[in-house]
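Visitor:
2 protein chains.
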Amino acid sequence: MPDLRAAGLAIFRAALEAGDPARLIPAAVRLEGAHLVVHDRAFDLERVRRLLVVGAGKASGAMAQTLERLLGERIADGLVVVKEGALYPTRRIRQVEASHPIPDERGLRAAEGIVELARSAGPEDLVLCLISGGGSALTPLPVAGVGLEEKRRVTRLLLEAGATINELNAVRKHLSRIKGGQLARAAAPAPVVSLLLSDVIGDPLDVIASGPTAPDDSTYVGALEILGRFGLLEAVPASVRRHLETGARREIPETPKAGDPLFARVLNVVIGNNSLVVERAVEEARRHGLTPLLLSRSLQGEAREVGRAFASFVKEVVAFRRPIPPPACLIAGGETTVTVRGDGRGGRCQELCLAAALELQDLPGILVLAAGTDGTDGPTDAAGALADGETVRRARALGLDPRRALGENDSYTFFHALGDLVVTGATRTNLMDLYLLLISEGG
Amino acid sequence: MPDLRAAGLAIFRAALEAGDPARLIPAAVRLEGAHLVVHDRAFDLERVRRLLVVGAGKASGAMAQTLERLLGERIADGLVVVKEGALYPTRRIRQVEASHPIPDERGLRAAEGIVELARSAGPEDLVLCLISGGGSALTPLPVAGVGLEEKRRVTRLLLEAGATINELNAVRKHLSRIKGGQLARAAAPAPVVSLLLSDVIGDPLDVIASGPTAPDDSTYVGALEILGRFGLLEAVPASVRRHLETGARREIPETPKAGDPLFARVLNVVIGNNSLVVERAVEEARRHGLTPLLLSRSLQGEAREVGRAFASFVKEVVAFRRPIPPPACLIAGGETTVTVRGDGRGGRCQELCLAAALELQDLPGILVLAAGTDGTDGPTDAAGALADGETVRRARALGLDPRRALGENDSYTFFHALGDLVVTGATRTNLMDLYLLLISEGG
Numbered sequence: 002m003p004d005l006r007a008a009g010l011a012i013f014r015a016a017l018e019a020g021d022p023a024r025l026i027p028a029a030v031r032l033e034g035a036h037l038v039v040h041d042r043a044f045d046l047e048r049v050r051r052l053l054v055v056g057a058g059k060a061s062g063a064m065a066q067t068l069e070r071l072l073g074e075r076i077a078d079g080l081v082v083v084k085e086g087a088l089y090p091t092r093r094i095r096q097v098e099a100s101h102p103i104p105d106e107r108g109l110r111a112a113e114g115i116v117e118l119a120r121s122a123g124p125e126d127l128v129l130c131l132i133s134g135g136g137s138a139l140t141p142l143p144v145a146g147v148g149l150e151e152k153r154r155v156t157r158l159l160l161e162a163g164a165t166i167n168e169l170n171a172v173r174k175h176l177s178r179i180k181g182g183q184l185a186r187a188a189a190p191a192p193v194v195s196l197l198l199s200d201v202i203g204d205p206l207d208v209i210a211s212g213p214t215a216p217d218d219s220t221y222v223g224a225l226e227i228l229g230r231f232g233l234l235e236a237v238p239a240s241v242r243r244h245l246e247t248g249a250r251r252e253i254p255e256t257p258k259a260g261d262p263l264f265a266r267v268l269n270v271v272i273g274n275n276s277l278v279v280e281r282a283v284e285e286a287r288r289h290g291l292t293p294l295l296l297s298r299s300l301q302g303e304a305r306e307v308g309r310a311f312a313s314f315v316k317e318v319v320a321f322r323r324p325i326p327p328p329a330c331l332i333a334g335g336e337t338t339v340t341v342r343g344d345g346r347g348g349r350c351q352e353l354c355l356a357a358a359l360e361l362q363d364l365p366g367i368l369v370l371a372a373g374t375d376g377t378d379g380p381t382d383a384a385g386a387l388a389d390g391e392t393v394r395r396a397r398a399l400g401l402d403p404r405r406a407l408g409e410n411d412s413y414t415f416f417h418a419l420g421d422l423v424v425t426g427a428t429r430t431n432l433m434d435l436y437l438l439l440i441s442e443g444g
Numbered sequence: 002m003p004d005l006r007a008a009g010l011a012i013f014r015a016a017l018e019a020g021d022p023a024r025l026i027p028a029a030v031r032l033e034g035a036h037l038v039v040h041d042r043a044f045d046l047e048r049v050r051r052l053l054v055v056g057a058g059k060a061s062g063a064m065a066q067t068l069e070r071l072l073g074e075r076i077a078d079g080l081v082v083v084k085e086g087a088l089y090p091t092r093r094i095r096q097v098e099a100s101h102p103i104p105d106e107r108g109l110r111a112a113e114g115i116v117e118l119a120r121s122a123g124p125e126d127l128v129l130c131l132i133s134g135g136g137s138a139l140t141p142l143p144v145a146g147v148g149l150e151e152k153r154r155v156t157r158l159l160l161e162a163g164a165t166i167n168e169l170n171a172v173r174k175h176l177s178r179i180k181g182g183q184l185a186r187a188a189a190p191a192p193v194v195s196l197l198l199s200d201v202i203g204d205p206l207d208v209i210a211s212g213p214t215a216p217d218d219s220t221y222v223g224a225l226e227i228l229g230r231f232g233l234l235e236a237v238p239a240s241v242r243r244h245l246e247t248g249a250r251r252e253i254p255e256t257p258k259a260g261d262p263l264f265a266r267v268l269n270v271v272i273g274n275n276s277l278v279v280e281r282a283v284e285e286a287r288r289h290g291l292t293p294l295l296l297s298r299s300l301q302g303e304a305r306e307v308g309r310a311f312a313s314f315v316k317e318v319v320a321f322r323r324p325i326p327p328p329a330c331l332i333a334g335g336e337t338t339v340t341v342r343g344d345g346r347g348g349r350c351q352e353l354c355l356a357a358a359l360e361l362q363d364l365p366g367i368l369v370l371a372a373g374t375d376g377t378d379g380p381t382d383a384a385g386a387l388a389d390g391e392t393v394r395r396a397r398a399l400g401l402d403p404r405r406a407l408g409e410n411d412s413y414t415f416f417h418a419l420g421d422l423v424v425t426g427a428t429r430t431n432l433m434d435l436y437l438l439l440i441s442e443g444g
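Those sequence lines, one after another, are chains X and P.
Take any residue in the first sequence, note its place counting from 1, add 1, and you have its number in the numbering used here.
Take any residue in the second sequence, note its place counting from 1, add 1, and you have its number in the numbering used here.
1. How far does the alpha helix (DSSP H) with Glu151/P in it extend, from its first residue to its last?
2. Taking only the alpha-carbon atoms, compute the straight-line gap between Ala57/X and Val82/X and give it to the nearest angstrom.
3. How should Val227/P be labelled, buried or exposed, when 16 other C-beta atoms within 10 angstroms of its C-beta is the threshold for buried?
4. Counting beta carbon pairs with one atom in the region 184-203 of chain P and one in the region 256-273 of chain P, are three or more of them shorter than 8 Å?
5. Indicate the three-state DSSP secondary structure (helix, strand or coil) for Asn274/P in the structure shown.
6. Does the CB of His412/P have a neighbour CB from chain X at under 8 Å?
7. Return the chain-ordered list of same chain residues with a C-beta closer than 8 Å to the C-beta of Gly302/X, the five sequence neighbours on each side being excluded.
8. Taking 8 Å as the threshold (beta carbon to beta carbon), is Glu409/P in contact with chain X?
9. For Phe416/X, collect the residues of the same chain with a Cβ closer than 6 Å to its Cβ; drop the 5 residues on either side in sequence, then sort them by chain order.
10. Along chain X, which residues have their Cβ under 8 Å away from the Cβ of Pro324/P?
11. On the premise that Ile209/P lies in contact with Ile132/P, defined as a C-beta separation below 8 Å, what is that separation, rounded to the nearest angstrom?
12. Taking its Cβ as the centre, do 16 or more other Cβ atoms sit within 10 Å of Ile94/X, making it buried, or is it exposed?
13. For Leu300/X, return the contacting residues in chain P, with the cut-off set at a CB-CB distance below 8 Å.
14. Is the beta carbon of Gly136/X sitting closer than 8 Å to the one on Ser240/X?
15. Could you check which residue in Ser199/X, Cys330/X, Arg397/X has the C-alpha nearest to that of Leu134/X?
16. Among the candidates His289/X, Leu234/X, Asp217/X, Leu233/X, whose CA atom is the shortest distance from the CA of Glu255/X?
17. Pull the bridge partners of Thr292/P from the DSSP assignment, please.
18. Starting from Gln96/P, follow the beta strand (DSSP E) in both directions and report where the run begins and ends.
19. Could you round the C-beta distance between Pro293/P and Leu294/X to whole angstroms and report it? I think they count as a contact, below 8 Å.
20. Just checking my contact of Pro300/X with Leu355/X at CB under 8 Å: how many whole Å lie between their CB atoms?
21. With a floor of 3 residues, list each beta strand (DSSP E) that falls wholly inside the region 323-378 of chain P, ordered by position along the chain.
22. For Val393/X, which residues from the same chain have a beta carbon less than 7 Å from its beta carbon, with the 5 sequence-adjacent residues on both sides left out?
23. So, do the region 161-170 of chain X and the region 104-112 of chain X have three or more beta carbon pairs nearer to each other than 8 Å?
24. Output needed for Leu439/X: all residues of its chain with C-beta closer than 7 Å, excluding positions within five of it in sequence on either side, in chain order.
25. Would you verify that the beta carbon of Gly229/P is, or is not, closer than 8 Å to some beta carbon of chain X?
26. Who pairs with Asn269/X in a beta bridge, going by DSSP?
27. Report the partner residues of Glu33/P according to the DSSP bridge assignment.
28. Which word fits Ala215/P, buried or exposed, when buried means at least 16 other C-beta atoms lie within 10 angstroms of its C-beta?
29. Please report the residue range of the alpha helix (DSSP H) in which Phe231/P lies.
30. Nearest by alpha-carbon distance to Thr67/X: which of Ala77/X, Gly345/X, Tyr89/X, Leu52/X is it?
31. For Lys316/P, return the contacting residues in chain X, with the cut-off set at a CB-CB distance below 8 Å.
32. What number of angstroms, rounded off, separates the C-alpha of Ala187/X from the C-alpha of Leu245/X?
33. Could you tell me which of Leu296/X, Gln183/X, Val341/X, Leu234/X sits nearest to Pro143/X, measuring between CA atoms?
34. Give the straight-line distance between the Cα atoms of Ser276/X and Lys316/P, rounded to the nearest whole angstrom.
35. Comparing the C-beta of Glu284/P with each C-beta of chain X, is any distance below 8 Å?
36. In the region 358-381 of chain X, which residues sit with their C-beta less than 7 Å from some C-beta in chain P, listed in chain order?
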């Protein structure tokens, strides 16, 4: 029987490498003589006065490092904000760390610096943006008169009221000076090239890092309607309501919309997404002698329920050689969510694995691997976990109670005790999760 | 574009026919001269004094009708209890209706009649049992001193405390005079042949209809431990605790265990299960020009989350021609569950479809069908529902709010208004659910 654990980890590592900006940036951006060629456009760097780099996101430090290796001294200045611990040495582009997912003052100051730098750009300059998931929380830049804490309070109220992520973002974009295309507006009239790593299903430009260089289709009026719908007009801080009402009266500018002439000078290019990750996993699974079957690159839903569904797919291969005969590797990408009910420590991938393990007890020759490509699954230092038919038995022998661990959202403690966490540290990328279901022949 | 709706319904109908006892009983039981041949055993009916038929379950009326067509006047007597409305005319086998899923007095009297008939059998008689899902609730037969209402109270307390179905069944079998092999014991020393339609993943004989003719591995001591674990020893009716304690002191017999000599004369044959349904769907999909892919026959989990996962699979086929290119039909079987939070009307299949519809808005050329093979999805008169890319738009045009309907578990009202329920009436079978994801070429 092949070593499924080794194969699973090798497939995950190969997928991470496929998502590394060190590969993706040279594939998207190249120098041809003095021309910087991006997508179908060429920028003559000899006619560019200053090449400025700004950016934010979990992988933006690694992006900055790669870009600097490519462009070197052609970069006049740069400022990128990254999650604590995800700094990658650069010489010309300044990198600063800030808090994620709860924004802090360091992020605010960095966001101010980024908008300043963008604003300093003239028509003969070129602004390169390096955007990746997490960029929104890393660049909290509330409008004048609204504090960080007040903005956080609005977020909390909307979440508790059951607002969707789109509703939440519509309000937040209208309390920000950088989100919803406003970074692109700050850079105007300079041309802007945004290179994006997408951590959102379908790669919507206005959602990735809250779309700092993308047209926004939400409005001040809409933001007020959303607060009204949830009965929050009185509950939000007065400064927030005042700002939105001023915007609704058109006394301050709206976020830039599609069709705004400023976007004629903006090029947004998604240089990596979850497709890369799952397609690379398909190749690598084949290299390990496993027949790959790609189920989805847009998986979402409650982690434990997805884990149970995965277990039923594993059982089908083992018992009935469907949908494909073993040795096989079923592959999916996407990002699940966890409804937190307990006080434990864990993350969506670890919880998915724990739920799957409970359904796969004593089944030999199988392995489930779930891990986040950013190396951080929930508020833990693990990327994810591994589970197989022995997981529950081994856990019980250690005095662990798998059902209780699942009930208390304590998957980290569980897999930590077993030594079955997938730990990568910061990964240089952030392209959602990879889910692997490995089944060996005669498993 | 093919008519996906017609194709989906045709596949579901074909799958239902594959599960009809009119096919399954003749495939499992045949007359060779005067011999009744079941599986690898032959019973010489000329040496059988009385052929008795007992049974319980949603499909047991249809099973009785088929069996009577096969054996006719060879049947000396029979009594089968079915869910209200699922009577199928028979002449020698008596059929009675009872309440499901909440047991009633009619079920209790029928269960008494069944045990009486079984007890009347001698060594020269042959008892045929016709068991299908729902048989447990249709034959409530509490031990002496415990009332129906008291037994229901125990069930409720255990469910509220978070007991698993196995824990619940361990307690219930020890408060019953028919479950957990006790029907087989009542029939001893007569030989018993049980024909079972399985509505449980994996076809465990001790779980289907609570295993009236199967060995039971739970115990009185275990039942008390379970109540203790959930802190319910004081909360359950005194009569219940007294009975379990009497059993734990071995003053009354345990349920029969594996190895009990009585099972040497018992033959349990699963004549149909969800595999039949999904395999027939695979064939029928192919007949409609759709490439079939069977994902699982053991799907479980929260219905709305399974629906979201299904939507991601549909999108993958549409956008990336994975895991297979269209025209395609992804197929799964199993049975999901619904955590009821709202006051609406619905069922697991309808809720699955509603959740999928929300993720598939405006996607052309696709169809999701989810339906229960027993024709009853939750406490509704529908088997399930159909959803496609137009579902949400059409619903909004009618003034319906899909998210609210999902939030209130009101999927029946929703699909009823759209005319998108799958309605079959009683179906003659009960083999869990069928889930179909149809994607047309160029969808």
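All C-beta atoms in this analysis are idealised placements derived from N, C-alpha and C, irrespective of residue type, glycine included.
Guide: Let me spell this out:
1. Counting from 1 along the second sequence, the entry for residue 151/P is found at position 150. Counting along the chain, the alpha helix (DSSP H) containing Glu151/P begins and ends at 149-162.
2. Here residue 57/X refers to the residue found at position 56 when the first sequence is read from its first residue. Here residue 82/X refers to the residue found at position 81 when the first sequence is read from its first residue. Rounded to whole angstroms, Ala57/X to Val82/X spans 5 Å at the Cα level.
3. Position 226 of the second sequence holds residue 227/P. As written in the sequence, residue 227/P is Ile, which differs from the Val given in the question. Buried.
4. yes
5. Along the second sequence, read from residue 1 onward, the residue named residue 274/P stands at position 273. Asn274/P: coil per DSSP, three-state reduction.
6. Here the question's residue 412/P lines up with position 411 in the second sequence. Note that residue 412/P is Ser in the sequence shown, not His. So, not an interface residue.
7. Mapped onto the first sequence, residue 302/X falls at position 301. Within the same chain, Gly302/X has close Cβ partners Thr337, Thr338.
8. Residue numbering aside, residue 409/P sits at position 408 when the second sequence is read from its first letter. Judged by the 8 Å Cβ criterion, Glu409/P is not in contact with chain X.
9. Here residue 416/X refers to the residue found at position 415 when the first sequence is read from its first residue. Answer for Phe416/X: Gln351, Ala386, Leu422, listed in chain order.
10. Here residue 324/P refers to the residue found at position 323 of the second sequence. Result: Leu294, Leu295, Leu296, Pro324.
11. Your numbering for residue 132/P matches position 131 in the second sequence. Your numbering for residue 209/P matches position 208 in the second sequence. Indeed, because the Cβ distance is near 6 Å, the residues count as touching under 8 Å.
12. To locate residue 94/X, count along the first sequence from 1; it is residue 93. Answer is buried; the Cβ neighbour count reaches 16.
13. Counting from one through the first sequence, the residue named residue 300/X turns up at place 299. Those within 8 Å of Leu300/X in chain P are Ala310, Ser313.
14. Locating residue 136/X in the first sequence gives position 135, where the first residue counts as 1. Locating residue 240/X in the first sequence gives position 239, where the first residue counts as 1. For Gly136/X and Ser240/X, no; Cβs fall outside 8 Å.
15. One-based indexing of the first sequence puts residue 134/X at position 133. The residue you asked about is not Leu; residue 134/X is Gly in the sequence shown. The candidate whose alpha carbon is nearest that of Gly134/X is Ser199/X.
16. To locate residue 255/X, count along the first sequence from 1; it is residue 254. Nearest of His289/X, Leu234/X, Asp217/X, Leu233/X to Glu255/X, Cα basis: Asp217/X.
17. Position 291 of the second sequence, counted from the start, is the residue given in the question as residue 292/P. Looking at the DSSP assignment, Thr292/P forms a beta bridge with Ala329/P.
18. Locating residue 96/P in the second sequence gives position 95, where the first residue counts as 1. Here the beta strand (DSSP E) through Gln96/P covers 94-99.
19. Numbered from 1 along the second sequence, position 292 holds the residue referred to as residue 293/P. Numbered from 1 along the first sequence, position 293 holds the residue referred to as residue 294/X. That pair is no contact at about 14 Å.
20. In the first sequence, the residue the question calls residue 300/X occupies position 299. In the first sequence, the residue the question calls residue 355/X occupies position 354. Strictly speaking, residue 300/X in this sequence is Leu, with Pro absent from that position. Their Cβ separation, rounded to whole angstroms, is 17 Å, which puts Leu300/X and Leu355/X out of contact at 8 Å.
21. 329-335, 367-373
22. For the purposes of this step, residue 393/X is taken as residue 392 along the first sequence, with counting starting at 1. Correct list, in chain order: Ala358, Leu359, Gln362, Pro403.
23. no
24. On the first sequence, residue 439/X is found 438 positions in, with the first residue counted as 1. Leu5, Ala8, Gly9, Leu291, Cys330, Ile367, Leu368, listed in sequence order.
25. Locating residue 229/P in the second sequence gives position 228, counting from the first residue. So, not an interface residue.
26. Within the first sequence, the letter at position 268 stands for residue 269/X. Asn269/X is bridged to Ser195/X.
27. For the purposes of this step, residue 33/P is taken as the residue at position 32 of the second sequence. DSSP output for Glu33/P lists His36/P as bridge partner(s).
28. Here the question's residue 215/P lines up with position 214 in the second sequence. Its Cβ being crowded by 16 or more others within 10 Å, Ala215/P is buried.
29. By one-based count along the second sequence, residue 231/P stands at place 230. Unbroken run through Phe231/P: none, as it is neither H nor E.
30. As a first step, residue 67/X must be located in the first sequence, where it is residue number 66. Nearest of Ala77/X, Gly345/X, Tyr89/X, Leu52/X to Thr67/X, Cα basis: Tyr89/X.
31. Reading the second sequence from its first residue, position 315 is the one you call residue 316/P. Simply Ser297, Ser299.
32. One-based indexing of the first sequence puts residue 187/X at position 186. One-based indexing of the first sequence puts residue 245/X at position 244. Their backbone Cα atoms lie some 20 Å apart in a straight line.
33. As a working note, residue 143/X is residue 142 in the first sequence. Here the closest residue by C-alpha is Gln183/X.
34. Within the first sequence, numbered from 1, the residue matching residue 276/X stands at position 275. Within the second sequence, numbered from 1, the residue matching residue 316/P stands at position 315. For Ser276/X and Lys316/P, the distance between alpha carbons rounds to 13 Å.
35. Reading the second sequence from its first residue, position 283 is the one you call residue 284/P. No, no contact with chain X.
36. none
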